[in-house]
Amino acid sequence: MNSPIQLDSPQDIPLFPLRVVMFPGSRLDLQIFEQRYLDMISRCMRNGTGFGICLLREGDEVVSEEGRQTIHRTGTYCTVIDWDQLDNGLLGITVEGLAKFRITDCWQGDSGVLEATVTFSEQDRLGKEAIPLDDAYAALVGLLQSLEQHPLVEQKKLTIDYGNLWELGWRLVEFIPLAVDQKQQLLDLDDPWERISAIEQLVAEMAGEP
3 MNSPIQLDSP QDIPLFPLRV VMFPGSRLDL QIFEQRYLDM ISRCMRNGTG FGICLLREGD
63 EVVSEEGRQT IHRTGTYCTV IDWDQLDNGL LGITVEGLAK FRITDCWQGD SGVLEATVTF
123 SEQDRLGKEA IPLDDAYAAL VGLLQSLEQH PLVEQKKLTI DYGNLWELGW RLVEFIPLAV
183 DQKQQLLDLD DPWERISAIE QLVAEMAGEP
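Number 212 marks the last residue of the sequence shown (the numbering used here); no jumps.
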């Protein structure tokens, strides 16, 4: 799937620091209640643009005037694909990851939202040419197929290309129960073969294999 959004580098984008790690093709439901983020989402939807989700190193997702946030420098650029006014009065949105980026400069904008100059990955992005898989990855494909049956994954309504190394790596990191710091380390990797090798090792460790 190719995005109509231009992922030219460098580009200045708003950031949404969270305690989650997203990958291209990831989908995440969010409830928006802080005014600065309501304004940010409104601008993005009006202009047909997106924003970056980065993992928080330090600080809270909701920041007081005295609060300070420290973020990882690699994140994922997302766009709003669905929204609704929730029963609790908050704005509910669903976002989808488009491409990985690295931050080259970061500052707090006048609105209170973190902003950054970023460079988008030419590799980790939707629409990238698929890397075909061979039978050596059948076990990981089977694992991903079983994870997709989980109700929390099913409700995301993802279309997964099981024959694509990019998708296999992205979705396994998303669905396997790993600590967010481990997920961040896997997002930081640029080589999809290195990422899938690291996933194989993590899966083996979780299974108690030597």
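Glycine included, each C-beta is placed from N, C-alpha and C at the ideal position.
Nearest to residue i (by Cα), restricted to the options the options
i: Gly94; options: Tyr139, Val23, Ile43, Asp10; result: Ile43
i: Ile55; options: Gly99, Cys108, Arg45, Trp85; result: Gly99
i: Ile34; options: Gln110, Ile178, Val97, Asp107; result: Val97
i: Leu88; options: Leu180, Ile7, Leu32, Thr81; result: Leu32
i: Ser11; options: Glu202, Ile105, Ile178, Gln110; result: Ile105
i: Cys108; options: Ala206, Leu9, Ile15, Gly165; result: Ile15
i: Glu176; options: Asp163, Tyr164, Arg29, Ala206; result: Arg29
i: Ala132; options: Phe103, Lys102, Asp163; result: Asp163
i: Gly165; options: Asn90, Asp137, Gln13; result: Asp137
Cβ of residue i within 8 Å of any chain C Cβ
i: Gly52; result: Going by chain labels, chain C is absent from the structure shown, which holds only one protein chain.
Pair within 8 Å by beta-carbon distance, residue i and residue j
i: Pro194; j: Arg127; result: no
i: Leu170; j: Pro19; result: no
i: Gln151; j: His74; result: no
i: Leu189; j: Thr76; result: yes
i: Arg59; j: Thr51; result: no
i: Leu142; j: Glu202; result: yes
i: Phe53; j: Cys80; result: yes
Integer Cβ distance of residue i from residue j, believed to fall under 8 Å
i: Leu174; j: Leu146; result: 6 Å
i: Leu135; j: Leu167; result: 6 Å
i: Asp182; j: Leu17; result: Correcting the residue identity first, residue 182 is Val in this sequence and not Asp. Between Leu17 and Val182 the Cβ distance is about 16 Å, and since that is not below 8 Å, they are no contact.
i: Val82; j: Cys46; result: 6 Å
i: Ala101; j: Leu9; result: 5 Å
Bridge-paired residues (DSSP) for residue i
i: Thr76; result: Arg104
i: Glu98; result: Arg29, Thr81
i: Arg127; result: Ala101
i: Leu135; result: DSSP lists no partner for Leu135.
i: Ala118; result: Ile15, Cys108
*Should the stretch 115-124 be regarded as contacting the stretch 150-160, the criterion being three or more beta carbon pairs within less than 8 Å?*
no
*asked:* Within 8 Å, do at least three Cβ pairs link the stretch 99-116 to the stretch 28-38?
replied: yes
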